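Beneath this line is the structure, given in structure tokens, with notes to follow.
Protein chains: 2
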Amino acid sequence: MHGLAELIPDTAVAARRRKPSPALLALLKGAFADRCSTAAAVLLQHGTDESHYAPQAPDAVVFAHSAEEVAFLVKACLAEAVPVIAFGAGSSVEGHLLAVEGGVCVDLSQMNAVVALHLDDLSATVQAGVTRNQLNAALSHSGFFFSVDPGADASIGGMAATAASGTNSVRYGTMRDNILGLTVVTAEGEIIRTSSRARKSSAGYNLTQLYCGSEGTLGIITEVTVRLHPQPEKVAAAVVNFPTLANAVNCVIQALQLGVPLARAEMLDALTIRAINAHSHTKLREAPTLFLEFAGSVGQVEEQSEVVRGIATEQDGGDFQWATLLEDRTRLWTPRHHAYFAALQLKPGCRSFTTDACVPLSALAECITETLADLERVGLPAPVFGHVGDGNFHCLILVDPNIPQEVQDAEALSERLIHRAIRYAGTCSGEHGVGLHKIGYLAAEHGDATVEVMRRLKKALDPKNILNPGKVVPL
Amino acid sequence: MHGLAELIPDTAVAARRRKPSPALLALLKGAFADRCSTAAAVLLQHGTDESHYAPQAPDAVVFAHSAEEVAFLVKACLAEAVPVIAFGAGSSVEGHLLAVEGGVCVDLSQMNAVVALHLDDLSATVQAGVTRNQLNAALSHSGFFFSVDPGADASIGGMAATAASGTNSVRYGTMRDNILGLTVVTAEGEIIRTSSRARKSSAGYNLTQLYCGSEGTLGIITEVTVRLHPQPEKVAAAVVNFPTLANAVNCVIQALQLGVPLARAEMLDALTIRAINAHSHTKLREAPTLFLEFAGSVGQVEEQSEVVRGIATEQDGGDFQWATLLEDRTRLWTPRHHAYFAALQLKPGCRSFTTDACVPLSALAECITETLADLERVGLPAPVFGHVGDGNFHCLILVDPNIPQEVQDAEALSERLIHRAIRYAGTCSGEHGVGLHKIGYLAAEHGDATVEVMRRLKKALDPKNILNPGKVVPL
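Listed below in structure tokens is the structure:
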């Protein structure tokens, strides 16, 4: 845990700090009553995320209940050019939430109404604070589900804001592919809808995709209309070991090239399996492993798994261990979902320095292999796992935050990995976003002229730089 | 055909006209030699599209060969604030190409190199002028294909610029879902790449999707990296009649709700079938009809068609007529692809006033039924067909351009349909874009505040309004 002492800003931060005036705080307290807090513990919680950064607390937290309330708050803060930082479930990992210039955090977690289930249209509309598990619970007997699964029970607004993806994007797509429209509060406190509920549209600039992934820096997402997918008749999960991670990766790529619609294809290295075994009391073999999921009709699942079994054999894969009943599949996937927390327990007191490279499929095995060699040289423990079908993998570099050398080594490893991914025509961020941590790499990935376009967009939509300042784009 | 007389601008247009100076024309002629043309026939061709508008010619046409040449051209025109209009295959239908303020048309059709086939990554990079058929020819023995099929053999750059879709988006997605990245020339003549070649990314604002669908008003797309899909083992096409269009629509929607991955699902009304029979010498029954396509393994295709046959029977559908061999499928689908030209021949000398409404699936049958009644009242011939799985349908309202009443009636029908679609939470444009024709409807669909955001984006990225002025956003 972090002490309150860490909240004391250093002088550099203090110089940039844009605190709300006593009058603004009084206005907010008057409007929101006990839903406006300046209690130290509340501030600390809202300045903390799952990144390796030390917390940076805002000056106030407001728990909003509607887009209108968010709009009121933004207008009030705009008058003083005070920052407004949107907060969902606090599960982001790149420093997105840190109040680097102070300001007011608007917590959307109480905006948790499922507004409408449009089952005939295969869509649902939810307030931004609804979590993915909450939406799926609301859909439990409908025959449909919401597909995007980043692991954490993130809020759907937050998932939209970071363009999240996760374990089953290989089949069903990322948040980008699963959002039909957004309600957004602009930097002027206007409430806009970005799109109709039609399944496709060419009616003007794609604001839905502009706000999706903008991390609260261009507008604050208050409502999301998402696609739903029909529940498949049958789902089967399988675990299979390989001699090397490259074999595991190649197995998945070949399956995709043959058109097998894998529902999930997660790669885990031996160290991740060891962490999972210790944390979840499982007895998985500590070897490079694929967790696979097949979904469809009974016949399709059989056919798909037959094809993949053949490919796995060619890649020297071991036997498939199967789980078809829901409880067995849950028993299998729950440890995978807890991999992050399991990894943290490998090294007591550590924080994870989590990488997020994503490369074209043909470069994935090589990029991972080089990265493993680099990790080995440096000697920090780092479980590696990834969403193979997307070309995306994470190294959880475990560092003791009190040992500066470890933090430096992890940062250097991360930086080498980013430049390696870019050399392979890949990206510094597959799904975690930019936040604070990746700002410095955007120019290396995209070029200065592209970053300049992003900067212009930010200036056009948020001229006073009040929306989550200091994130995504270097101004 | 249009006479050259129509090229003479009326005074309103003339007042807005921003002609290149003699010095600029001399510069372009010097740089591009015979690839810079001011011949009347060339100007006319480049001011003509497939819309119901009379042509409006640019002042010069330049045939570019590279992004660098486009950048040079843009910089030259920027110096005089002269408009630059990008031209691909000329197949757009909403007036996108008309030089309403004059200027220089940059024809990209000679930028037709397939730059790279990254088969292991399931992607390909092409210059903007490559057409979809050309790319698929380059892929013919690869086991992969490019999926987006808007009917016309459009250029891939143009398809990206209008966010095109078409017959198989129900399975494989629209252009938005199939673009990994773009090379774009900005209004300042900078050449930027919007994205890496990774299959997903959260590294900054989504410029790929901002330029996709921006119709040349924010930047000029010079290169596109698209997704490829594995060729399915088997493809089967089927034709089935229904008593009403509503039955046909409901058949498709129920199949989607059951998770059947239809490869195509095209609805055609009896009049469209009549037009096709006359044009392509087919003998299809003149009744509401579905053209369906199933794709996958042999077993999957059998299973899918079995399910859909059951649903069709419940909707009083007739027998399925099947085509599984490639030549038979081509014989079936070619007339569908020619439906637009077949429809034009129903009324000699006519032009088509083509609507493009798209609504949530649950509203589709009702929206079509009300529209058919409206068409019947007005009495203009109007074949109706659509991409049912997307909720998108087109009425080809056939008007004699020399009879003002017919043009007015068609415009009024179109306007009522747009407001009907918006009432059903749909969009004025499913896939054809805004161009000139839909500008006036954006506020009705999105609200003024949303349109204001679009306007700010335009002003931020093209402050001198040189990129395809007068399109998409009302300034």
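Note that the protein sequences, when read in sequence, are chains A and B.
Residues are numbered in our numbering as their position in the first sequence, beginning at 1, plus a constant of 8.
Residues are numbered in our numbering as their position in the second sequence, beginning at 1, plus a constant of 8.
Don't be surprised by glycine CBs; every beta carbon is placed ideally from N, CA and C.
Please read these numbers as outputs of a predicted model, since none were measured by experiment.
Closer than 9 Å between beta carbons: that is the criterion. Which residues of the stretch 433-444 of chain A meet it against chain B?
Per Cβ criterion, the list reads A433, G434, T435, C436, S437, G438, E439, H440, G441 and V442.
Using a C-beta cutoff of 7 Å, does A/R207 count as contacting chain B?
yes
Alpha-carbon spacing of B/T19 relative to B/A107, whole angstroms:
Here the model assigns B/T19 a pLDDT of 47, short of 50, so the residue's position is not dependable, and the following value carries that caveat. Roughly 15 Å separates the two Cα atoms.
Look up B/W330 in the DSSP assignment and give the residues it is bridged to.
B/A246
Contacts around B/E88, its chain only, beta-carbon distance under 7 Å, and the 5 residues preceding and following it disregarded:
P28, S29 and L32
Which residue marks the beginning of the beta strand (DSSP E) containing A/A107, and which one marks its end?
Counting along the chain, A/A107 falls outside any beta strand (DSSP E), and DSSP gives it neither H nor E.
Alpha carbons only, please: which of B/T133, B/Q53 and B/Y213 is nearest the one belonging to B/A97?
B/Q53
Does the beta carbon of B/Y213 sit closer than 7 Å to a beta carbon anywhere in chain A?
yes
Nearest chain B C-beta to A/T19 closer than 7 Å, yes or no?
Unreliable positioning characterises A/T19 in this predicted model, as indicated by a pLDDT of 46, which lies under 50. The coordinate reading is nonetheless provided below. False, the Cβ-Cβ gap to chain B never drops below 7 Å.
Proximal residues, the stretch 112-132 of chain A versus chain B, C-beta separation under 9 Å:
H126, L127, D128, D129, L130 and S131
If we ignore side chains and look at the alpha-carbon of each, how far apart do B/H126 and B/H73 end up?
23 Å
Give me, in chain order, the residues of the same chain whose beta-carbon lies closer than 6 Å to that of A/G304; leave out the 5 immediate sequence neighbours on both sides.
P240
Option nearest A/S203 by Cα separation, candidates B/G181, B/R293, B/I200 and B/A433
Ranked by Cα distance from A/S203, the first of B/G181, B/R293, B/I200 and B/A433 is B/A433.
Check whether the Cβ atoms of B/I484 and B/V82 lie closer than 7 Å to each other.
Outside the shown range of chain B, which is 9 to 483, sits residue 484 of chain B, and nothing can be said about it.
When B/I474, B/Y61 and B/K467 are compared against B/P91, the one with the closest alpha-carbon:
Taking only the C-alpha atoms, the option nearest B/P91 is B/I474.
Excluding the five sequence neighbours on either side, which residues of its own chain have a C-beta within less than 8 Å of the C-beta of A/S288, listed in chain order?
T342, P343, H346 and A350
Is A/N214 a contact residue of the ligand ADP, with contact defined as CB to any heavy atom under 6 Å?
Among the components of this structure there are no ligands whatsoever, and the ligand ADP is therefore not found.
Could you compute how far the alpha carbon of A/G307 sits from the alpha carbon of A/D398?
C-alpha separation (whole angstroms): 26 Å.
Using a beta-carbon distance cut-off of less than 7 Å, what residues from the stretch 71-98 of chain A approach chain B?
none
Below 8 Å on the Cβ atoms is my contact criterion, and I expect B/V138 with B/V70 to pass it. Report the Cβ-Cβ distance as a whole number of Å.
That belief does not hold up - the Cβ atoms of B/V138 and B/V70 are roughly 19 Å apart, past 8 Å.
Straight-line Cα distance separating B/Q323 from B/T297
12 Å
Assess contact between the stretch 449-459 of chain A and the stretch 425-440 of chain A, defined as three or more Cβ pairs (one per stretch) separated by less than 8 Å. Is contact present?
yes
What three-state label does DSSP hand B/Q135 in the structure shown?
strand
Interface residues of chain A facing B/N141 [CB-CB closer than 9 Å]:
Result: empty, since nearest Cβ-Cβ is about 22 Å, beyond 9 Å.
Identify which residue in B/V243, B/L36, B/F154 and B/L444 has its Cα closest to the Cα of B/T225.
B/L444
Could you check what DSSP says for A/R456 in three-state terms: helix, strand or coil?
In the sequence as displayed, the identity of residue 456 of chain A is Asp instead of Arg. It is helical.
Please classify B/E301 as buried or exposed, where buried requires at least 16 other C-beta atoms within 10 Å of its C-beta.
B/E301 counts as buried, since at least 16 other C-beta atoms from the protein chains shown sit within 10 angstroms of its C-beta.
Confirm, please, whether the CB-CB distance from B/A256 to B/R337 is below 7 Å.
no
So A/K467 contacts chain B; which residues on that side make the cut at Cβ distance below 8 Å?
Those within 8 Å of A/K467 in chain B are A468.
Compare the C-beta of B/A169 against all C-beta atoms of chain A and say whether one is closer than 7 Å.
No, because no Cβ of chain A sits closer than 7 Å to the Cβ of B/A169.
Assuming B/L116 and B/A132 make a contact with CB atoms under 8 Å, what is their CB distance in whole Å?
17 Å between Cβ atoms; not a contact.
List, in chain order, every chain A residue whose beta-carbon is nearer than 7 Å to that of B/V367.
A206
If we count Cβ pairs, one from each stretch, closer than 8 Å, do we get three or more for the stretch 260-280 of chain B versus the stretch 389-396 of chain B?
Between the stretch 260-280 of chain B and the stretch 389-396 of chain B, the count of Cβ pairs shorter than 8 Å is three or higher; the stretches touch.
Could you check whether the Cβ of B/I187 sits closer than 7 Å to any Cβ belonging to chain A?
Output row for B/I187: interface = no.
So what does DSSP say about B/H189, is it helix, strand or coil?
Checking the displayed sequence, the identity of residue 189 of chain B turns out to be Gly instead of His. Reduced to three states, the DSSP call for B/G189 is strand.
List, in chain order, every chain B residue whose beta-carbon is nearer than 7 Å to that of A/E198.
A457
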